[in-house]
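Asks: Going by our numbering, the sequence shown opens with residue -18, and the numbers climb by one from there. Glycine is no exception: its CB is placed at the ideal position from the N, C-alpha and C atoms.
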Amino acid sequence: MPLLFMLVAQIVPSCDSQEGPIVGYVDDKYQTLTAGGNPVPVIIIGATEYEVSWPFYREVHIGDLVKFENGQWIIVRKSGV
-18 MPLLFMLVAQ IVPSCDSQEG PIVGYVDDKY QTLTAGGNPV PVIIIGATEY EVSWPFYREV
42 HIGDLVKFEN GQWIIVRKSG V
């Protein structure tokens, strides 16, 4: 089973490797496990998974417009507002 967790961890891209800002609506959010069994917060934007910080994960909701730039995620606009 640890191999499966390692594969999942490798599927989630690092935001630091992206060129330019990432902007989009949060399609989904969930927690996955690392190879060591630690939970990792993930959001999905346009069918791409991104690992985010726990504080941001707790604040963001599905449908929010978010942006990643200069190493930081921000909520541009809350859903329904």
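Can you look up Leu(-12) in the DSSP assignment and give me helix, strand or coil?
Replies: Annotation note: pLDDT 42 at Leu(-12) (below 50); position unreliable, no value reported.
Asks: What is the residue span of the alpha helix (DSSP H) that Pro2 lies within?
Replies: Per DSSP, Pro2 belongs to no alpha helix (DSSP H) and is neither H nor E.
Asks: If I follow the unbroken beta strand (DSSP E) through Ile43, where does it start and stop?
Replies: First-last for Ile43: undefined, no H or E at that position.
Asks: With DSSP as the reference, please indicate the residues paired to Tyr31 in a beta bridge.
Replies: Tyr31 is bridged to Ile24.
Asks: Exposed or buried, which one is Tyr31 when buried takes at least 16 other CB atoms within 10 Å?
Replies: Its Cβ being crowded by 16 or more others within 10 Å, Tyr31 is buried.
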